[in-house]
Amino acid sequence: MRRLEQILRRIDGRGYKAYRDIRGTYRFEGFTLTVEHVQGDPFADPSRIRVMVPVDRTWIGQEHVSSTSRRVALRDFMTRRFAQAIRNLGAGHRGSGKSGLISVDVPGPEILDRSSCLLTDDVVEIRFRMGLPAAGRRILGRQAWTMFAQDVPRLVRETFERDYFREALEHCQTAEDADFLRQRLSEMGLVAFIAEGAILPRRSGVDFGPMEGAVPFGPVPDTLAVEVGLPNAGRVRGLGIPRGVTLIVGGGYHGKSTLLDAIAMGIYNHIPGDGRQLVVTDSGAVTVRSEDGRRVEGVDISPFISGLPGGRDTTRFSSEDASGSTSQAANIVEAMEAGATALILDEDTSANNFLVRDFRMQMLVHRDREPITPFVDRVRQLYDELGISTVMVLGGSGDYLDVADVVIQMDAYQPVDVTGQAREICRRFPTLRHQEATGSIARPRGRVPDPESFDPSRGSRREKIKSVATRAIVFGHHEIDVSYLDQLADPSQTRFISDVILYAWKHHMDGRTTLADAIAKAMNDMRRGGFDALTEGRFDNRAAVRPHEVMAAVNRLRTLRIV
Ligand code: ADP
Ligand code: MG
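So the sequence shown is numbered by this note's numbering: it starts at 29 and just counts up by one.
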């Protein structure tokens, strides 16, 4: 610590580059601090700092680390506490640009595996940023010393010396229960579970906290109810969405989309107080929507679209500007290629002509003149032949009643089992439309990306990659639009996706390996070497994602070519 003080005194008033001299590791009272990377100037991304605290100096107990779920949740929790400590500190500006700024990843409602806090048996490590202070471009060494000597120790004290034992334990237990449940869904024959009492709606489209005064979910009718014993919460009862084809019907504004959104985000664990802690979904469930204008490269959409005018091949379909229905077909086939176990669809975000073609339209426009095989004619096959379930919201078309296993009506935000009534209606009023699907359906073959079609360089920089919230990834000269990936939850995930793409391209794309395998190999390298194995020092604000989202991002790269 004294050595750091000496260096800062020596470089005080010098040009900003002299800050490089403080790179290295220093012993502080009760922790070790490493200056990992020093920013180039006061306006650049702040410097990367890590602090390592011996576990036995903290409130962390055996209870917090007794399972993988708990360790992941504990790290997530400590990032939150550190972020709170930074807010409490209220560290202000200390000069030009980002001088004086202290920041750490700020998690949202999802409990995620994050690179901002790591844990071994003995040491907990927090990774954060500091804007090393300057006046213009001249080093303010004294101010820097105050940050290191006063601010950082205070953040460490607030995070690790106040007693967060119970609060952290609740965080850990919440995550453990959700993971436990998620792992058991498939043996229980379920795609998703929504506990009674869950709060599903969010405060607004930009505030993902629970809506105040919302109607809690349930009671769940006995015919749909499932009970399960959890390690921490004990027995809970809720709505089980069975594998197969499930329709969520009901009048407009009765809470259908809200339920479906909660199911889509049930692939993640949620923090205590969120309301969706026990809304848990199979981690292979993928939201598929229509996304007109997206690029599609070499996807076999022929199960859904074939016989395009002009004889265009749809077994290897490419488009710079896909239509509503073709983009949705591509999204489904790509999700299947990524290994989806279930598809999640909402009529609100689907292409109408993709969902259904009713009897009268079948009479008017002959089958020969219609390239689209509507989803209603494939949804059963997806489950019967491939085991891929579908959960879909549909208020507008009764033709789906024939193909559903279960029909749930949302009535003033409450679930009602209307499966029996739906069957009865199908019996009394048989549909006149005829099934238009021919042939069986297969999982698409893996596509092999051409490594030459990736170019992360830009101008003088060999690699220019960055991400914009959960909306976009800048890859060299190109921007990948990920704003329609509804299950992308956290900006740190978007950042990590760009790391994984770059890493997979450098190490595993060789013109023979499929996209799925290249991403799986990258993810596997991470399982062994942690985030650092993939992120090349961009280390502090990454969060885990599924391979599905990484593949989805690659699929939207406008330069992508398939071998
Ligand atoms: P639908 O898809 O059936 O048309 P939505 O799910 O969009 O309906 O919900 C309509 C409105 O009701 C939304 O503003 C939503 O936030 C609100 N809402 C949904 N569920 C609840 C609930 N349990 N309690 C209170 N408001 C809710
Ligand atoms: Mg809706």
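Beta carbons are placed, not taken as given, at the ideal position from N, Cα and C, and that holds for glycine. If you're wondering where the values come from, they're calculated on a predicted model, not measured in any experiment.
Assigned secondary structure, residue i (DSSP; H/G/I helix, E/B strand, else coil)
i	result
Gly169	helix
Leu562	helix
Leu513	coil
Pro270	strand
Asn569	coil
Asn260	coil
Gln178	helix
Ser131	strand
Thr369	coil
Ile677	Lying outside 29 to 591, the shown extent of the chain, residue 677 is not represented and no answer is given.
Ala220	strand
Leu102	helix
Ala313	strand
Asn577	First, the amino acid is wrong: residue 577 is Glu here, not Asn. Reduced to three states, the DSSP call for Glu577 is helix.
Val582	helix
Glu375	helix
Gly352	helix
Val254	strand
Ser417	strand
Arg555	helix
Identified DSSP bridge partners for residue i
i	result
Lys494	Val502
Ala447	For the record, residue 447 in the displayed sequence is Thr; it is not Ala. According to DSSP, which records beta bridges pairwise, Thr447 is partnered with nothing at all.
Glu215	Paired residue(s): none; Glu215 is not in a bridge.
Ile590	Pro477
Pro82	Val151
Pro399	DSSP lists no partner for Pro399.
Asp439	Gln442
Ser347	Val324
Met158	Ser75 and Ile130
Gly278	The partner list for Gly278 (beta bridge, DSSP) is empty, contrary to what the question assumes.
Ala163	Arg166
Cys145	Ile154
Thr62	Thr53 and Arg78
Glu138	His298
Gly43	Arg166
Ile508	Ile501
Contact test: residue i Cβ vs ligand 1 heavy atom, cutoff 7 Å
i	result
Ser346	no
Arg275	Note that residue 275 corresponds to Leu in the displayed sequence, not to Arg. It does not: the Cβ of Leu275 is nowhere closer than 7 Å to a heavy atom of ligand 1.
Met364	no
Val243	yes
Gly233	no
His282	yes
Met175	no
Leu228	yes
Gly321	no
Gly278	yes
Tyr428	no
Tyr441	yes
Met438	yes
Met239	yes
Closer than 7 Å: residue i CB and nearest ligand 2 heavy atom
i	result
Asp655	This structure cannot settle anything about residue 655, because the visible part of the chain is limited to 29 through 591.
Val421	yes
Ser526	no
Ser318	no
Ser285	yes
Local Cβ density within 10 Å of residue i, reported as buried at 16 or more and exposed below that
i	result
Gln211	exposed
Tyr281	exposed
Lys284	buried
Gly321	exposed
Glu138	buried
Gly257	exposed
Arg397	exposed
Pro417	Per the sequence shown, residue 417 should be read as Ser rather than Pro. It counts as buried.
Glu153	buried
Pro359	Position check: residue 359 holds Asn in this sequence, whereas Pro was assumed. It counts as buried.
Gln521	buried
Asn116	exposed
Thr148	exposed
Met364	buried
Lys126	buried
Arg31	exposed
Glu325	buried
Asn583	buried
Val476	buried
Minimum Cβ-Cβ distance from residue i to chain D less than 8 Å
i	result
Arg323	Among the chains in the structure shown there is no chain D, since it carries only a single protein chain.
Problem set entry | Secondary structure, alpha helix (DSSP H): runs of 4+ residues fully inside the stretch 185-212 | Note on the stretch 185-212: whole alpha helix (DSSP H) runs with a minimum of 4 residues are 193-212, in chain order.
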